[in-house]
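What follows is a single structure, written as structure tokens, with notes after it.
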Amino acid sequence: MTNKYSCYVLADPNKCTGCKACELACFAEHNKSNNGVGYTVGTVTIPVTPKLYLTKTKAYCMPIQCRHCEDAPCLNACQKHAIYRENSQVIVDQEKCIGCKDCVLACPFGAIAILPIGEKGKLKLQKDREVVKVASKCDLCKDIEGGPACVRVCPNDALELVDANADIEAKNIKTAEGLYVSRI
Amino acid sequence: MGVHEIEDAKLIFNFGYNGADSHPIVQRRIVRAKQKGATIICADPRVTEAARIADVHLQLKGGTNIALVNAMCNVIYNEGLVDQHFIDTMSVDYDAFVEIIKKYTPEYAETICKVPAELIRKAARMYAKAPSAMILYGMGVCQFGQAVDVVKALGSLALMTGNYGKPASGIGPVRGQNNVQGACDMGALPNNYPGYQNVTNPDVQAKFEKAWGVKLSNKVGVPLTHVPQRVLEEKDPAKKLHAYYIFGEDPAQSDPDVAEIRETLEKLDFVIVQDIFMNKTAEFADVILPSTSWNEHDGVYSCCDRGFQRIRKVVEPPSTVKTDWEIICEISTAMGYKMKYKNTEEIWNELIDLCPNFAGATYEKIEKYGCIQWPCRSKDMNDKGTVFLHNGKFATADGKGKFYTAEWRPPQELENEEYPLSFSTVREVGHYSVRTMTGNCRMLRNLEDEPGWIQMNPADCEKLHIKHGDLVKVMNKRGWCITRCNATERVAKGATYMTYQWWIGCCNELTIGSNLDPVSNTPEYKYCNCRVEKIDDQAAAWDYVNNEYKDLRSRMGIKMIGEEA
Amino acid sequence: MRKFVKGNPDLCIGCRTCMIGCVVEHEGRRIFEIDPDGYDFNPRLHMVKTAKISVPVQCKHCENPACMAACPVNCIKVINDAVVIDTDSCIGCKSCVQACPFGAIDMVSKIGTQQADGSMRVVANKCDLCVGTGNGPACVRVCPTSALTLVDEEKLKEVVCDKRVATANAAKVFADAKEVE
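This is the structure:
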């Protein structure tokens with residue numbers, strides 16, 4: 000069944016300690032099959048490129064990642080149609096992306112960065128030998144078993160997968176119960 | 000108000016004024032005001048740059064200004080948003096004003112202006128509730144048969160909300176040309192000496208006679224727009240005009256109904272044109288006097304906010320060219336009145352001593368402070384002029400602001416079956432006025448050139464089977480021209496707009512010269528009818544445009560590099 | 000990361016001073032002395048006016064430029080971190096025009112250069128960030144309303160960082176409220 004609304008991961012700054020386990024897990028999960036990252040020590044041959052970004056303010060910290068907006072500014076800004084929806088989630092097609100940075104500026108959360116990508120353990124290059132750099136953002140670990148790696152690895156349970164569909168349903172039921180209790 | 004105050008405005012009501020195209024430097028201040036949090040209300044039939052960034056855009060139908068202003072006053076009155084204390088203590092004639100605006104409910108105005116009543120209410124509430132509000136108006140108000148009424152009605156809107164006598168408030172005419180305020184300040188009006196001193200006032204007459212040592216007339220002269228009638232129709236030989244001395248003006252390009260102007264210029268016995276380059280009017284001249292341009296002489300400009308600013312010579316003019324003031328002196332001397340000055344400062348000193356409101360604006364002060372806004376009555380260095388007027392007292396005989404508005408009068412020439420579109424002149428950024436000053440600028444020529452554009456709604460273009468960029472024929476009963484179609488969503492259906500600087504795409508072939516505002520004598524440039532026709536043979540039309548342009552240039556003796564003269 | 004110039008429609012007044020600044024910068028001061036028809040008036044950015052927007056449009060200097068990938072003669076190169084067309088090698092095939100999703104490339108005739116048949120050469124034309132002039136993009140400098148910004152890595156980081164902090168602050172408010180519950 001496809002979701003009516005997209006889901007997203009939200010961090011709790013009151014729990015987050017800034018350990019970056021989420022960033023590393025994100026990178027490892029997304030580069031397992033392509034770049035052989037994660038099976039043994041010393042397998043990382045390319046720069047660490049996560050899809051969520053730990054942010055520290057003076058008082059607290061938390062990773063920032065994509066909200067998978069329903070009317071996504073990044074998707075609307077992309078002239079190359081390299082950002083699309085799959086089962087309500089907002090996904091970057093890294094093959095199509097030309098690195099124009101419009102999405103980076105369009106995103107109101109700072110959830111997108113322009114980062115290099117690897118291929119077979121090496122940085123992918125363009126025909127002039129320049130490094131390919133593309134928009135990089137959370138895809139909710141769409142093809143990865145077990146769902147968002149960041150949520151799974153967080154030692155403080157600071158990350159939560161927010162599912163508006165289930166959330167609304169649960170709240171609706173609670174509200175209905177409340178209406179029953181307060182009936183006149 | 001001063002132009003610099005725009006940046007500090009809390010609310011700007013931008014009425015019939017297109018700063019981005021007419022005065023980009025003023026528009027810059029409007030943009031800054033918006034960035035600083037100002038609310039912007041824009042009343043304009045087109046989506047101008049100001050309309051684009053406005054919080055409310057009142058896209059009224061052309062020629063319905065006063066109905067909109069009256070309706071806004073109506074809302075403010077009916078919803079009790081007036082500044083009653085200000086009205087009671089500072090104004091007169093409020094009751095008569097209220098009598099008129101009562102009829103102009105937003106719903107009634109909607110039938111005239113085609114602006115939704117709710118939007119009129121919203122704008123009126125915004126204006127009235129702003130801590131201070133500034134009105135800027137331009138040619139979209141002034142160039143109608145009913146123009147001065149609208150200015151007074153806008154003045155009354157500010158009056159009923161107490162928006163006078165404080166910073167960043169009031170009502171500001173952002174005038175058409177850079178120094179048109181200066182021309183008026185210096186007495187280039189049929190009824191005034193310099194400093195707005197009336198020619199019919201015997202005391203004033205005596206003062207100027209004494210200063211100049213000559214007998215002066217106490218009769219009001221002829222306004223520019225009455226010239227054709229005084230030449231072509233006047234039967235009384237004593238009133239008929241015979242000679243026309245034109246400087247810094249190109250009536251054969253800029254006046255309405257140029258066919259009539261051409262006839263006028265031909266009929267006149269003697270025409271003198273004094274200008275910096277050849278123009279269409281000079282084609283009719285018996286004598287052409289070449290004069291220096293703005294960077295070849297010293298002088299004083301007045302900005303629309305009454306600010307005197309000095310301009311300085313930066314380029315040495317060719318030896319065959321004289322400044323305007325030198326030419327005037329020599330002609331006057333040749334005609335028997337010996338006129339001689341050493342420099343512009345000497346002229347300026349004589350002038351300010353004869354004009355009480357300018358008396359303190361010495362060269363020294365303008366130099367020191369950059370700009371002096373009149374009234375500046377004392378030569379004391381501490382009198383830096385007046386940024387905003389009406390501080391605690393209006394500049395009227397009784398010191399009070401006078402309420403005034405009028406019933407709406409439709410424009411004279413409306414759309415009909417034969418000419419189904421409305422037609423208005425506008426400006427575009429880059430070329431200045433009639434292009435005498437900027438036509439030779441190669442960069443501007445690269446951006447835009449003959450035969451200009453007619454702005455039309457894409458739906459109207461589709462109906463006529465014309466595409467963006469096509470050459471089209473624009474016509475009405477007075478004349479026609481060929482120009483290119485600019486299909487743009489920024490103009491409403493049924494309305495068309497052309498800029499007035501093109502020699503071939505000459506929109507003033509169509510404009511109407513007979514409907515003048517009764518007070519200002521300004522013509523109704525902003526409304527007449529027209530028809531747009533598709534041209535099937537585009538190549539032939541381009542040949543026509545190019546050949547006409549070439550002919551005109553060769554008649555004027557303009558030589559291109561590589562061309563034989 | 001490559002720099003690029005970005006226009007802000009909230010500030011732009013559609014005056015096209017940027018287009019003139021661009022041509023003057025690329026032609027040099029000689030432009031005021033030569034035959035008015037003897038130079039290329041080919042601005043490398045273009046004013047776009049829709050019903051709601053006025054803003055100049057120009058090259059984004061993409062990280063993986065589609066134009067560069069599409070060019071069959073490799074005449075689009077990265078010079079000093081700007082994506083630049085070598086108009087001497089350009090064959091005018093329009094592949095880059097087709098590839099660019101922004102319409103940032105147009106075709107212009109190059110005065111003073113001829114093809115074998117005597118007709119004028121027509122080549123691809125786009126923003127080169129005024130590389131080599133040492134003054135930075137002319138359009139940014141001449142804009143009367145400061146509507147154009149040169150976005151470099153630092154600027155982009157600054158913008159994104161501000162947004163992340165704002166996001167974190169909002170999440171904090173949310174998390175605190177949840178704790179109270």
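Chains as they are written, first to last, in numbering that gives the first Met the number 0: chain A, 0 to 183; chain B, 0 to 564; chain C, 0 to 180. In this text, a Cβ means the ideal position worked out from N, Cα and C, and glycines have one as well. Bear in mind that the values here come from a model prediction, so they are computed numbers and not experimental data.
Below 6 Å CB to CB, which residues in the same chain sit around residue i once its five sequence neighbours on both sides are set aside?
{"i": "A564 of chain B", "result": "Confidence at A564 of chain B is low in this model, with a pLDDT of 40, below 50, so its placement is unreliable and the value that follows should be read with caution. Closer than 6 Å at the Cβ level, and outside the excluded window around A564 of chain B, lie K558."}
{"i": "N17 of chain B", "result": "T47"}
{"i": "E6 of chain B", "result": "R28, R31 and A32"}
{"i": "N13 of chain A", "result": "none"}
{"i": "A8 of chain B", "result": "A32, A37, M133 and A167"}
{"i": "T86 of chain C", "result": "V122"}
{"i": "L515 of chain B", "result": "T224 and P522"}
{"i": "Q204 of chain B", "result": "L215 and N217"}
{"i": "D105 of chain C", "result": "N124"}
{"i": "D175 of chain C", "result": "none"}
{"i": "K239 of chain B", "result": "E233"}
Could you list which residues in chain C have their beta carbon closer than 7 Å to that of residue i, in chain order?
{"i": "N445 of chain B", "result": "F40"}
{"i": "A53 of chain B", "result": "Those do not exist, as A53 of chain B stays about 11 Å from chain C at its closest Cβ, beyond 7 Å."}
{"i": "G98 of chain A", "result": "C61, E62 and N63"}
Please compile the residues from chain A whose C-beta is within a distance smaller than 9 Å of the C-beta of residue i.
{"i": "K162 of chain C", "result": "I63, C106, P107, F108, G109 and A110"}
Give me, in chain order, the residues of the same chain whose beta-carbon lies closer than 8 Å to that of residue i; leave out the 5 immediate sequence neighbours on both sides.
{"i": "M0 of chain A", "result": "Reliability fails at M0 of chain A, whose pLDDT of 45 lies under 50, so the model's placement of it is uncertain and no value is given."}
{"i": "L443 of chain B", "result": "G429, H430 and T437"}
{"i": "A360 of chain B", "result": "F307, I351, I371, W373, C375 and G384"}
So who's on the other strand from residue i, going by DSSP bridges?
{"i": "G171 of chain B", "result": "B:L135"}
{"i": "L9 of chain A", "result": "A:E159"}
{"i": "M455 of chain B", "result": "B:A486 and B:T495"}
{"i": "Y184 of chain A", "result": "This structure leaves residue 184 of chain A out entirely; chain A is present only between 0 and 183."}
{"i": "S135 of chain A", "result": "A:A112"}
{"i": "C460 of chain B", "result": "Paired residue(s): none; C460 of chain B is not in a bridge."}
{"i": "R309 of chain B", "result": "B:V299"}
{"i": "C480 of chain B", "result": "B:V473"}
Could you name the residues of chain C that residue i contacts, counting a contact when the two beta carbons are closer than 9 Å?
{"i": "L139 of chain A", "result": "Near L139 of chain A there are no residues of chain C at all, since even the closest Cβ is about 17 Å away, more than 9 Å."}
{"i": "V150 of chain A", "result": "Result: empty, since nearest Cβ-Cβ is about 15 Å, beyond 9 Å."}
Residues in its own chain within less than 7 Å of residue i by CB, not counting five upstream and five downstream?
{"i": "E262 of chain B", "result": "L231"}
{"i": "D274 of chain B", "result": "F246, G247, A281, S290 and T435"}
{"i": "V172 of chain C", "result": "none"}
{"i": "P154 of chain A", "result": "C18 and A20"}
{"i": "L149 of chain C", "result": "K2, V4, G135, P136 and V139"}
Residues of chain A with CB under 7 Å from residue i, in chain order?
{"i": "P248 of chain C", "result": "In the structure as shown, chain C begins at 0 and stops at 180. Residue 248 of chain C is therefore absent and cannot be evaluated."}
Which residues in chain B sit within 8 Å of residue i, going by Cβ to Cβ distance?
{"i": "M18 of chain C", "result": "L446"}
Anything in chain B within Cβ reach of residue i, meaning under 7 Å, just list it in chain order.
{"i": "T144 of chain C", "result": "R27 and V30"}
{"i": "D9 of chain C", "result": "I52"}
Closer than 9 Å by beta-carbon distance: list the chain B residues that pair up with residue i, in chain order.
{"i": "L44 of chain C", "result": "Result: empty, since nearest Cβ-Cβ is about 13 Å, beyond 9 Å."}
Along chain C, which residues have their Cβ under 8 Å away from the Cβ of residue i?
{"i": "D101 of chain A", "result": "K59"}
Quick one: complete beta strand (DSSP E) runs, 3+ long, within the region 506-534 of chain B?
Fully enclosed beta strand (DSSP E) runs of 3 or longer: 527-533.
Just checking, does the region 159-178 of chain B make contact with the region 133-146 of chain B on the three C-beta pairs under 8 Å criterion?
Counting Cβ pairs under 8 Å, three or more are found: they touch.
Indicate whether the contact test is met: 3 or more Cβ pairs, each with one atom in the region 40-52 of chain C and one in the region 96-116 of chain A, closer than 8 Å.
Flag = no, the region 40-52 of chain C and the region 96-116 of chain A do not touch.
Is there contact between the region 70-89 of chain B and the region 122-129 of chain B, where contact requires at least three CB pairs shorter than 8 Å?
Taking 8 Å as the limit for Cβ pairs, the verdict is that the region 122-129 of chain B does touch the region 70-89 of chain B.
Cβ pair count under 8 Å reaching 3, the region 146-155 of chain B against the region 174-183 of chain A:
They do not touch, by the three-pair rule.
Under 8 Å, with one C-beta from each stretch per pair, do the region 128-137 of chain C and the region 90-101 of chain C reach the 3-pair mark?
With a cut-off of 8 Å, the region 90-101 of chain C and the region 128-137 of chain C do not count as touching, because too few Cβ pairs lie within range.
Determine, using beta-carbon pairs with one atom in the region 469-476 of chain B and one in the region 496-513 of chain B, whether at least three such pairs fall under 8 Å.
A contact exists between the region 469-476 of chain B and the region 496-513 of chain B.
Could you tell me which uninterrupted alpha helix (DSSP H) segments, each at least 4 residues in length, are contained entirely in the region 34-73 of chain B, listed from first to last along the chain?
Within the region 34-73 of chain B, the complete alpha helix (DSSP H) runs of at least 4 residues are 48-51.
Touch test, the region 27-45 of chain C against the region 54-74 of chain C, Cβ-Cβ under 8 Å, three pairs minimum:
Taking one beta carbon from each stretch, the region 27-45 of chain C and the region 54-74 of chain C have 3 or more pairs nearer than 8 Å; the two touch.
Contact between the region 377-392 of chain B and the region 482-490 of chain B (3+ Cβ pairs under 8 Å):
Not touching, per the Cβ criterion.
With three or more C-beta pairs closer than 8 Å as the rule, is the region 12-27 of chain A touching the region 125-135 of chain A?
Remark: fewer than three beta-carbon pairs, one from each stretch, lie closer than 8 Å, so the region 125-135 of chain A and the region 12-27 of chain A are not flagged as touching.
Secondary structure, alpha helix (DSSP H): runs of 4+ residues fully inside the region 119-170 of chain C
Runs found: 137-141.
Between the region 28-47 of chain A and the region 114-130 of chain A, are three or more C-beta pairs nearer than 8 Å?
Contact between the region 28-47 of chain A and the region 114-130 of chain A is present: 3 or more CB-CB pairs across the two stretches fall below 8 Å.
contact_flag[the region 5-19 of chain C, the region 135-153 of chain C] where n(CB pairs < 8 Å) is 3 or more
Touching, per the Cβ criterion.
Is it the case that the region 18-29 of chain C contacts the region 160-176 of chain C, given that we only count it when at least three CB pairs across the two stretches are under 8 Å?
The region 160-176 of chain C is not in contact with the region 18-29 of chain C.
Unbroken beta strand (DSSP E) runs of length 3 or more, entirely within the region 225-286 of chain B: which are they?
Runs of the beta strand (DSSP E) inside the region 225-286 of chain B: 242-246 and 269-274.
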